[in-house]
Every structure is written in C-alpha cells, then in structure tokens.
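Enquirer: My structure is below; once you've seen it, I'll send some questions.
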Amino acid sequence: MTDLLWILIALPLTGAFINIVFGKRIGEPLAGWLGFVLVGSAWAIAVVPTLGLLTGSGTPETIYLFSWIPVVGADAAILWDPLSALLTMIVTGVGALIHLYSIGYMHGDERFARFFGYLNLFIASMLILVLASNYAVMFIGWELVGLSSYLLISFWFKKPSAAAAGKKAFIVNRIGDWGFLVALMIIFASFGTFDFGVIFTTAPVVLTTGAATAITLLLFLGATGKSAQIPLYIWLPDAMEGPTPVSALIHAATMVTAGVFMMARSAVLFELAPISGVTIAVIGGATALLAAVIAVTQMDIKKVLAYSTISQLGYMVMGVGVGAYSAGVFHLSTHAFFKALLFLGAGSVIHGMADEQDMRKMGGLRKAMPVTFVTMTVGWLAISGIFPFSGFWSKDEILAATFQRGGPWLILWAVGILAALLTAFYMTRLYVLTFLGKPRWAEGTEPHESPWTMTLPLAVLAVAAVIFGVFNTPARLAFEHFLEPSFALISHAEPLDLPLAAVLALFALVVAIGGIAWSWFRYNRDELPVEEGGFWQRGLNGFAVDDLYGRVIVEPGKKVCEWFADSVDPKGIDGVSHGIAQGVRTAGDGLKTLQSGQVRSYAGGIAIGAVVLILAVLALGGGF
Amino acid sequence: MPVLTILLVLPIVGALVVAVLPKRRPELIYPISLVVSILPLAVAGYILWNFTVGDASFQFTEDISFNETIGFGWRVAVDGVSLFMVVLTALLFPIAIAASHAVTDRLKTYMILMLVLETGVLGVFLSLDLLLFFAFFEIVLIPMYMLIAMWGSENRAYASMKFVLFTAAGSAFLFASIIALGLLAGEQIGTLASFDFRTMLDVELTRTTQILLFSGFAIAFAIKVPLFPFHTWLPDAHTEAPTAGSVLLAGVLLKMGTYGLLRFNVTLFPEITVDFGFWLALLGVVGIVYGAAVAIVQPDIKRLVAYSSVSHMGFIVLGIFALTSQALQGSIFQMISHGLTTGALFLLIGMVYDRTHTRKIADYGGLAKVMPVFAGLFLFSAFASAGLPGLSGFVGEFTILIGSYLTFPTLAIISASGVILAAIYLLWAYERVFTGPITNSKLEALKDLNVREIAILLPLVILIIGLGVYPKPVMDRIEPSVNLMLDRIEAVTDYQVPEFGGSDDTVDIEYGEIEYEEHEGGDG
C-alpha cells in the first residue's frame, strides 16, 4: 500500500500540468473540478495508510523511488511516518476544500484554469516537502512551494502591487533559503549524506555542539523566511495581494507552517543545540507579540488575518524553541483549520461585498451572510483560545511547556500570555466590525451569501476547528502519542501535573475572555472609536519596518550594484583594457606603414608576442 | 568507423552543400541548413548511445600521426568530460540555425559561417592533440567575429573587435604555452616536439615551467570563460551579436574556457592547480557576486543575461578548482545546464526583439497580457537559470556548492548568496517586462509565439526538466572520468580529496525501516 504513496504527489502534479498547458481548452468550471477531484483523491488515498499508523497496524517506513543526484547520495524517497502523514492529511484535506471553495470564488476569472494549475502545483510541491526522506528532496519541495506562492501571489499580475508582492515574497524567502543551503553544505560535510535516517541516528555522535548550533541556526534562518518570523516576516502581509483562497491555503494553513515542520522534523539536531533553542524561542515569542500588536491596528480584514498568522506562527516557533515539538505541530494543525476557516470566511465576506476589504465599510453582515457568520464565530472563538475550541488546547500546550521550563522562560510565557490577550482583542475587533452593529456599507453594495461551493468548505472547517482540539488535552495526549514515533529520538519532558496545567489553562482562558470583553465594549457601539495618529498610524504601517529595510539594505545595495555597473566595469576594468589597446596601437604606429587593416596589425603583434613568450618560457623554465 | 571524424567533417560538408545552392533559390538555404545541422546531432546521439558507462578513459579514439618529428597528428577522442560538451554543441547548433529565421541579409554566408563554427567548436572538445586543439580554438574565433560584425546590432564594430582582441590576446599565451610544452615533451621522448595530450601527461617539468605554462593556459581560458576581471568583452559581444550568435556564445563557446581549464590546467599541471587553484576559485566567486550585482541594474535585457552568465560561469570555475568529485561533476553538469537555460533565455529575447526591435527593459511592461505563452516560457527559463530545484540549474549549482564547501568552505558560503541575487535580477526584470498595465501602446498588437518558435524552445524545456528530475544518466557518464582525474592528482601531488561524512556508530534506536535496494549505476 505505502509503495504507491508517490501517487499522492503524481496526482496534483498531473493536474498542474493539464491545467497549465491545456487549461484554456478545458475551461470553467471543469478545470476547477479536475483540480479538486485530483487533490481529493490524494486525500482519500492517504487516509488508509494514515489509519494504519493510527491504529498501529502500519509502521513508519522509507519508500525508495529512484536515485536523484548519486554523487551527493540524494535519493528520491518518501518517509512515511506520523509526522508526514499528519501534514499530508492537512495539506490534501484543507487543500481539497480550498479547491472546492475556489470554484465559486474564482468564477468568471479569465485565467480560471491557470489558477487551478498553480494550486495543484502547490499541493504537489508541499507534498514533496512533507514526504521527503532527506534534506535535499525536502529542499526541492521547499523551493517549489516558494515558486507556487510567487505564481499565486502575483496571479493578478496586471496589478503592479500584486506583481511586486509576489517578487518580494520569493526574494525574501530566498534570503532564508541561503541559510538552508549553507546548512545543507555543513550537513553533507558532517554526515556525507542528506538522509534523515542516517543523520538523526548518528547526529549525537557526529556533531559537535558548535556544528549543531551552526546547522540549526541556519535552518532556522530558512524557517524565518517560510514561516514569516522576525526578521523576514515582511513578505507575508504583502502576500495578501493574492486571491483569498491562496491566502487561506498557502499563507495561513500550509506553506507558512513549512518552517515549523522542518524544525520539528529536525528535532534531533535542535536538541543538540541549546543556544539555538533559546534563540528560536525568543524570536518566536517576539514575533508573536509584535505581529499581534500590528494586527490590532489594521483596517483591512485580510491584513488583520495576515498579521494574526505571523503571530500564531510565532507561537509554533516558540513551541519548537522550548523543545515542545508535538505542541508546536499540534498548534500547526489546529491553526491550519481555524485560520483557513477565518480566511475563507473573510473571502466570503469580500466576495459578498463586491471586493471591499476595509472593515470600516462593513458591519451588520450577520443577517446577510448567515453561514459565513456562524462559521466565522467558530473561527473567532477558536483562535481567541476559548474552551473547548481547538485553539484553546493547542496554544495552551505551548504556553504550559514554556512555563514548565521555569526561570527566565517565565518572561517568554508572559509574552505569550500578552500576545494571547491581544489576539482575543484584535479578533473580536474584526468580528464585531464585520458582522455586528449597523451596516456602514459603501453605496450600492448588496451583500449576499456565497454559493454552496464556498459555504460547504466553511462548514467542514468549522467542525474541525471545534473538535480537533480534543485530540490532545492535558488529560488525554492522543495526538502526542500518535506523533511519538517521529520524535522517538529525543528526550521528552515530563507532562505537567494536572492541577497546575488546569490552573494555567484557566488563567489563559480568563485572559482571553478579558481581551474579548475589552474589545467587545470598545467596538460594539454605533460610534466607532477614532483610531488615528500616533500608535494607530505607526501600527498601520507595520512600524515602518519595510521602510527601514529599504533604507538600510535595498537602497545601499542598489547603489553598490550601480557603482559596479556604471563605474567599475566601464571605467575601471574596461579603462585598463582600453589603455592597453591604446598603447598597442601607439606602439604599432611605426609598423603601420607596412601594413593595412587593424586586425592584421594586431595579428602581427600577437605573433611576435607569442614567439617572445615561448622563448621566455623555455629560458626561464630551463627547458633547454 | 571513424565516428568522430565524420562528426567533425559533417558541418563542413554541409557548408559546402549550402555554398553550391543555386542563387535563384534563396528559400532553400534555411531548410537545407537546418537539415544539414541535424546530421551532426544524429552522430552525437550515436556516440552518446554507444558511450561505455563506467569507462573513465578516452573512447572512440582516432589517432593518425601527420608528422612524427614534430609529433603532430589527427588525434580525437571523447571521454566523460567532453561527451556532453559535444552533445550540447550538436544540439544547440540546429536550434540556433532554426532560430535564424528572421535573417535575410546574406543568408548563405551566414549559414556557411554557422556550420564552420560548429566544426570548430566540436574540434575543440574532441582534440587530443594540442596543436589540433589550438587550430580549432582559433577557427572558432573567425566565424564568430564575422557573425557579430556583419549581423550584429548598432554597436557591432566595437563589440566584435573587442571580442577578437580579448580572445586573440589569450590565444597568444595559449599558443606560446602549447609550443613550449610540445617542445619540452618532444625533448623527453626524443623527437623535436610532441603534441599528443597523452604523452604530455607524463612530461616532467620544473616548477617554474609549470607555473609559466599553467599561467599561459589559464589566461587564455580565463578570458574565454570569462573569469572576472577578463569579462568585459562578453556583455558587448552578447548584446550586439545576432540571436543565434548569443545562444552559441553563451551555450558552447564559453564552455571552451571551462573545458580548457579542466582538461589542460587541472590535468596537466596538478601541482600548480593544487597550490594556486584557490585564487582562480576566488576569481570565480568574485564573478558570481559581481556579475549578479551588475546584472541587477542593467537597463538592457540582453546585457542582463550576459552578466548573469559571468555569475553562472563563476560557479563552474569554483567547482573545477575545488577538486572534489561532487564539485567537478557539478561543474560539468552546470556547463550543460547553463547552455540550456541561458540558450533558452537568449532565444526568447531574440524572439521578442524580432517583433519590437528593442532590448531596453523600460520599453516593455505588461507583456504577459499580450504574449502569455512567451511570458510563461520566459519565466520558466528564468527560474531554471536561477537554480530552481527540479530543474537542471539546481542540480549543477547545488552539487558544486556541496562539493566546494569541502575544500573552500568560505568561498562556498559566499557563492550561495548567488541564489538570492539571481532571484533578484531575474524576477525584477520579469516584473518590469511582463507585469503591470501595458504602458507602451506599441506592445498591444504583438502576436504571441508561433508554432515554429515554440518548437525551437521545446527541446530545451524538456531537457531542463528532464535533467533536473533525473540527472543520474548524465552524472553516471561524467563520474568515472572525473574520479580518474582526481585519482591522478592524488597520485602525483600530496593533495587528498577532503574527507567527509560521519561516524559509523549509530545510536541504537528504531527509526522506521531504512531498507534501500541496491541501485548500482549504469542504466545505459
């Protein structure tokens, strides 16, 4: 059965090929249904071996396909274990729902089929990434999801802002990829292979702490690109230029979690490098807080969700940093459901409001869009961390694991709690401004509920966002047990005592409710509070981090390039060669009377020169 | 059967056929030239098919001595280093000729020059006699000069002269070194001279002689590659050359430089290579960063791709002098891949230039709307050139980086920044040319690529994907020759290929089932 797992990748890849090359002829809506069915089939095929792992009838295994680059020992092979199975289920499951949703959302787009080709390409790339059995193949997937992301962000390429956003995303990610690539060099020099099995079983013997620290920090640099962490998070807010299903699938549920997944996969290496762990946890915590603060000030419904995603990724990264890999992956999973739900809900709102994204022009959509309203309510409660929705359980686990480390880690825990307060605040703000209160619609807007292809995925995701949390509660760690084989090589912290865990969870719940209440009373009234100037203005600009990078990196970098291109090359290097040519010409003027034509005079000079050189070599080298 | 001789003679015969075509039937020149140029490809295919995998030595060897006293002969052969250079050459020439559809001016001369050029390039890669090598090396110069000078754009006189002078200056050093080496070799085997590559392997030279000769070869090839700071002829030559000229220049002519470094510098002077290779690798790395940086701000799309070649060729030089099996295999692979990707980019630029007659990026904008197929293929080639995994460019650069890190870690780490810079110059150029609204109304009426143009690009696209997904058949043929080269270096110098890899001890735990079937190389 697992021998056929390559089909999982082949199905969406086939869809991508057909829809990109022949899409125009297939047309709407068939191209969309084709994409949906292929991804859905991949999900269905993956269910059986996943159940096998779940029930214990199947075991983790590596499936060899073919030799890719023999000289660096990189094989095309699939690692099928609980971690990759989980991610496969999320990617194909959420992916299939978003394909279905897109059939409605992209209705009427002139490049409808192309869109599904790119979406299929993304699914295939993401599956290569999560199913890889070595770092080299993982890197293929890693880069190809970057390509898909680029194509989909700039899908509406006639808008200059969309084209620029796609380019920015790819280039910023490539800075992270540099880190990944250098990590791969060190890994090969240390292990002579990229194979996970070999690397993880021998790492404690092979790697010094220094080497492990270097590798993991470089891998983490890669993760800050893909998973949008400080300092490379700046591409994600811009990525909202892409169609909303793309934001839901790639920039919330799946691709952005690739960094977290990669670090969880490399848990053995991170365990060997305590300094990396601290760095990662601190950056994750700082990102969670910073992005939450910015999210509070955003007016564009998608921008709120974008910063929210950065913030939630910060939690996952923090989980990895404190060594709570299962907790990080658990939050990755619950977040995939509720954030996809929130984005698709936002997409439904935008769709119903004739492409309006400014929350100040929404309000009172509760009645016009009942299904969207109800499902968004679930998403709002889940991300805010309200019992018993999924976000409550998963966020709590990361915070508990941080708390458990004690000492200075308590500061990080406090940062996490503060970010949780802000999360509840800005999500309630989004919820209230969009669905409650009086309508503030632009003239002529007639909000309407979306078609069933869009509301059905909302409903399915809402159910998942409610129930998925109970797979892993402090009392019943089913999820953690499922993932155990993937983390067999690392030591596990003792689970928290139930009473303490309950107290912490209760405290987090109180904070979340506090955040909701504060926001509710601030925004749920007829006169909206004035949010201009000072903090609000700076926050809306993302605290001008983009400008800072522009001034400190982009502009000086461009100056250097221009100096190379306009001075060094034409004046410096060519100056020398022109000088030599001039010298030869002057020296050759004497002979010129005998010869005509420049080429011939140069040729003569060259011949004489050659003879001199030969004699010089023979004389100096003592040949004769 | 003297396959290699047939391969070398075919283009010349083709040129003669084209030459005698009747004047009143000019419409025959293009199709007949195309057909004639496909014949060498068939022969190259035959060689590839019958090439013995796992054999590191020279194959299909032909050895006819012309003159025993001066040791000069018709010595041609192919091994894992040259095999794919020959195949690439035979592949790119028909493509370049097919892409010359728009040439009308003096078409017959043009095609004759192209075919002569093909013989020259093939000869460079096949020669086992250094005098013969030099002859072919020089034959290449003349038709290329004429192609730029006669069919180039506005600034062609300057560009073609610059091309000739740079190359000829290098040739002087090359010629001097070859003659000196030939005389020294002859002295040791008791003739006046000997130019047989195989006897030169055993010639004993003083260190000074080795340094001088190494330098002579290195200067000639560094100019050809071109290695920073000898690169300034390239942007001019590329920009002014007709499309086919740019394709061949980037695709195969530059490879004569890296091939020469590998075949002659590294093989004949291993000690000097080991002692001074770092400095050449360093120049390669400077080229990677510098070429990419200059490419970013080029206002001319063809110049941009030309500078990107400086960057990509830098990777190849780094890989050659890193002297590990990974890096060397990567270098040869990258020579193939760069020929395909940059060839595709120049073809594409030529196709749009035929329609608009401008290369200025600022003259474009929003082109993807009117030419979607063109835009898609350009983006594909750009990503292939930028080393996107799954495409051929990645395999070469990745293998070079992994292998070079073992010898020159710092250089490899700096070089890896090339992946960032390549994304910047290619995607920024793509953004300005293809996206946004159409600002130049002249672009509105442009027609997308036609079937002929797509057919020209298709072989390159297929190979770029094919070699990216399954490079093994190529690597299997390169590997033995590369390893032989390294074995020889280890035998005659105290250089040892750096050890890599970890301990054999494993932590005793259960981690899935890691059971690989034995998959031995050699499937051809």
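Those protein sequence lines, which keep their order, are chains R and Y. Heads up: the first sequence begins at 1 in the working numbering, then just goes up one per residue. Heads up: the second sequence begins at 1001 in the working numbering, then just goes up one per residue. Idealized CB from N, CA, C, for every residue including glycine.
Identify each residue in the segment 1270–1298 of chain Y for which the Cβ-Cβ distance to at least one residue of chain R is less than 8 Å, and report them in chain order.
Expert: Y1290, A1293, V1294, I1296, V1297 and Q1298
Enquirer: Could one say the Cβ of P70/R lies closer than 9 Å to chain Y's Cβ atoms, at least one of them?
Expert: The sequence position of residue 70/R within the first sequence is 70, counting from 1. Contacts with chain Y at 9 Å (Cβ-Cβ) include P70/R.
Enquirer: Alpha carbon to alpha carbon, what distance is there between F1125/Y and I1139/Y?
Expert: Indexing the second sequence from 1 puts residue 1139/Y at position 139. Indexing the second sequence from 1 puts residue 1125/Y at position 125. Between the alpha carbons of I1139/Y and F1125/Y lies a gap of roughly 13 Å.
Enquirer: Which residue wins for smallest C-alpha separation from V1286/Y, given the options V1317/Y, T1273/Y and I1095/Y?
Expert: Counting from one through the second sequence, the residue named residue 1286/Y turns up at place 286. When only C-alpha atoms are compared, the closest one is V1317/Y.
Enquirer: Can you check whether the C-beta of L1083/Y is within less than 9 Å of a C-beta belonging to chain R?
Expert: Looking up residue 1083/Y in the second sequence gives position 83. Not an interface residue.
Enquirer: Would you call the CB atoms of W43/R and A85/R closer than 9 Å?
Expert: Position 43 of the first sequence, counting from 1, holds the residue named residue 43/R. Position 85 of the first sequence, counting from 1, holds the residue named residue 85/R. No, these two residues do not count as a Cβ contact at 9 Å.
Enquirer: 9 Å is my cut-off, CB to CB: does L147/R come that close to chain Y?
Expert: Mapped onto the first sequence, residue 147/R falls at position 147. Interface residue, yes.
Enquirer: Could you compute how far the alpha carbon of H481/R sits from the alpha carbon of I103/R?
Expert: Looking up residue 481/R in the first sequence gives position 481. Looking up residue 103/R in the first sequence gives position 103. Between H481/R and I103/R, the C-alpha separation is close to 37 Å.
Enquirer: Would you mind stating whether K1302/Y and G1260/Y have Cβ atoms separated by less than 9 Å?
Expert: Position 302 of the second sequence, counted from the first residue, corresponds to residue 1302/Y. Position 260 of the second sequence, counted from the first residue, corresponds to residue 1260/Y. No; because the gap between Cβ atoms is not below 9 Å, this pair is not in contact.
Enquirer: Tell me the start and end of each unbroken alpha helix (DSSP H) in the segment 277–315 of chain R that is at least 4 residues and wholly inside, in chain order.
Expert: none
Enquirer: Looking at C-alpha atoms only, which residue of V278/R, L269/R and I230/R is the closest neighbour of L290/R?
Expert: In the first sequence, counting from the first residue as 1, residue 290/R sits at position 290. It is I230/R whose Cα lies nearest to the Cα of L290/R.
Enquirer: Roughly how many angstroms lie between the CA atoms of A1042/Y and K1023/Y, to the nearest whole one?
Expert: As a first step, residue 1042/Y is located in the second sequence; it is residue number 42 there, counting from the start. As a first step, residue 1023/Y is located in the second sequence; it is residue number 23 there, counting from the start. So the two alpha carbons sit approximately 29 Å from each other.
Enquirer: Identify the residues that DSSP records as bridge partners of S1308/Y: which are they?
Expert: Translated into positions along the second sequence, residue 1308/Y becomes position 308. Looking at the DSSP assignment, S1308/Y forms no beta bridge with any residue, so it has no partner.
Enquirer: Is the beta carbon of Y1430/Y sitting closer than 9 Å to the one on K302/R?
Expert: In the second sequence, residue 1430/Y corresponds to position 430, counting from 1. In the first sequence, residue 302/R corresponds to position 302, counting from 1. The answer is no: Cβ separation not under 9 Å.
Enquirer: Which residues in the same chain as A544/R place their Cβ atom closer than 8 Å to its Cβ, once the five residues preceding and following it in sequence are excluded?
Expert: Residue mapping note: residue 544/R aligns to position 544 of the first sequence, counting from 1. Closer than 8 Å at the Cβ level, and outside the excluded window around A544/R, lie R538.
Enquirer: What in chain R is Cβ-close to V1395/Y, meaning under 9 Å?
Expert: Taking the first residue of the second sequence as position 1, residue 1395/Y is located at position 395. By Cβ distance, chain R contributes W68 and I69.
Enquirer: Please name the residue in I1489/Y, V1274/Y and S1308/Y whose C-alpha comes closest to that of Y1425/Y.
Expert: For the purposes of this step, residue 1425/Y is identified with residue 425 of the second sequence, where counting begins at 1. Checking every option, the nearest Cα to that of Y1425/Y belongs to S1308/Y.
Enquirer: Would you mind stating whether M185/R and I1402/Y have Cβ atoms separated by less than 9 Å?
Expert: The residue given as residue 185/R occupies position 185 in the first sequence. The residue given as residue 1402/Y occupies position 402 in the second sequence. Yes. Within cutoff.
Enquirer: Do I1336/Y and P1415/Y come within 9 Å of each other at the CB atom, strictly closer than that value?
Expert: Numbered from its first residue, the second sequence carries residue 1415/Y at position 415. Numbered from its first residue, the second sequence carries residue 1336/Y at position 336. As written in the sequence, residue 1415/Y is Ser, which differs from the Pro given in the question. No. Outside cutoff.
Enquirer: Using a Cβ-Cβ cutoff of less than 6 Å, which residues in the same chain neighbour I1478/Y once the five nearest sequence positions on both sides are dropped?
Expert: Counting from one through the second sequence, the residue named residue 1478/Y turns up at place 478. Closer than 6 Å at Cβ, skipping near neighbours: G1080, Q1329 and I1332.
Enquirer: Write down every uninterrupted run of the alpha helix (DSSP H) in the segment 1088–1129 of chain Y whose length is 4 residues or greater and which is fully enclosed by it, in chain order.
Expert: Runs of the alpha helix (DSSP H) inside the segment 1088–1129 of chain Y: 1107–1126.
Enquirer: Can you tell me which residues form a DSSP beta bridge with G1073/Y?
Expert: Residue 1073/Y sits at position 73 when you count from the first residue of the second sequence. According to DSSP, which records beta bridges pairwise, G1073/Y is partnered with S1065/Y.
Enquirer: Nearest by alpha-carbon distance to I90/R: which of I516/R, Y233/R and A258/R is it?
Expert: Taking the first sequence and counting its residues from 1, the one referred to as residue 90/R is at position 90. Ranking I516/R, Y233/R and A258/R by Cα distance to I90/R puts A258/R first.
Enquirer: To which residues does DSSP link Y64/R through a beta bridge?
Expert: The residue labelled residue 64/R in the question sits at position 64 within the first sequence. Per DSSP, A77/R.
Enquirer: Against F157/R, what residues of chain Y qualify as contacts under a CB-to-CB distance less than 9 Å, listed in chain order?
Expert: Mapped onto the first sequence, residue 157/R falls at position 157. Correct list: G1366, A1368, K1369, A1375, E1431, F1434, T1435 and G1436.
Enquirer: What does the alpha-carbon distance come out to for the pair L1452/Y and W1074/Y?
Expert: Locating residue 1452/Y in the second sequence gives position 452, where the first residue counts as 1. Locating residue 1074/Y in the second sequence gives position 74, where the first residue counts as 1. Note on residue identity: the sequence assigns Arg, not Leu, to residue 1452/Y. So the alpha carbons of these two residues sit roughly 39 Å apart.
Enquirer: Assuming the contact rule is C-beta atoms closer than 8 Å, L1421/Y and A1306/Y should be a hit. Round their C-beta distance to whole Å, please.
Expert: Along the second sequence, read from residue 1 onward, the residue named residue 1421/Y stands at position 421. Along the second sequence, read from residue 1 onward, the residue named residue 1306/Y stands at position 306. Not quite, the Cβ-Cβ distance comes to about 15 Å (not below 8 Å), so this is no contact.
Enquirer: Please report the Cβ distance between M369/R and E449/R, rounded to the nearest whole angstrom; I am assuming they are in contact, meaning their Cβ atoms lie under 8 Å.
Expert: Walking along the first sequence from the start, residue 369/R turns up at place 369. Walking along the first sequence from the start, residue 449/R turns up at place 449. Between M369/R and E449/R a beta carbon distance of about 5 Å is seen, short of the 8 Å cut, so the two are scored as contacting.
Enquirer: Kindly indicate which three-state DSSP category L477/R falls into: helix, strand or coil?
Expert: Along the first sequence, read from residue 1 onward, the residue named residue 477/R stands at position 477. Note: L477/R maps to strand in three-state DSSP.
Enquirer: Check each candidate in I398/R, V296/R, V137/R and P556/R and name the one with the smallest Cα separation from L540/R.
Expert: By 1-based counting over the first sequence, the position of residue 540/R is 540. The candidate whose alpha carbon is nearest that of L540/R is V296/R.
Enquirer: Taking C-alpha atoms, which residue in S1311/Y, D1105/Y, D1063/Y and V1076/Y lies nearest to E1027/Y?
Expert: Counting from one through the second sequence, the residue named residue 1027/Y turns up at place 27. Checking every option, the nearest Cα to that of E1027/Y belongs to D1105/Y.
Enquirer: Counting only Cβ-Cβ distances shorter than 7 Å, please list the residues of the segment 1322–1351 of chain Y near chain R, keeping chain order.
Expert: S1325, Q1326 and Q1329
Enquirer: Check this for me: beta carbons of Y426/R and S519/R, under 9 Å apart or not?
Expert: The sequence position of residue 426/R within the first sequence is 426, counting from 1. The sequence position of residue 519/R within the first sequence is 519, counting from 1. The answer is yes: Cβ separation under 9 Å.
Enquirer: Can you check whether the CB of A1322/Y is closer than 9 Å to the CB of A1176/Y?
Expert: Working through the second sequence from its first residue, we reach residue 1176/Y at position 176. Working through the second sequence from its first residue, we reach residue 1322/Y at position 322. No, they are not a contact pair.
Enquirer: Of the residues that make up the segment 156–178 of chain R, which ones have a beta carbon closer than 7 Å to any beta carbon in chain Y?
Expert: F157, K158, P160, A163, A164, K167, F170, I171, R174, I175, D177 and W178
Enquirer: Interface residues of chain R around E1027/Y at Cβ under 9 Å?
Expert: The residue you call residue 1027/Y lines up with position 27 of the second sequence. Neighbours of E1027/Y on chain R: none; closest Cβ ~33 Å, over 9 Å.
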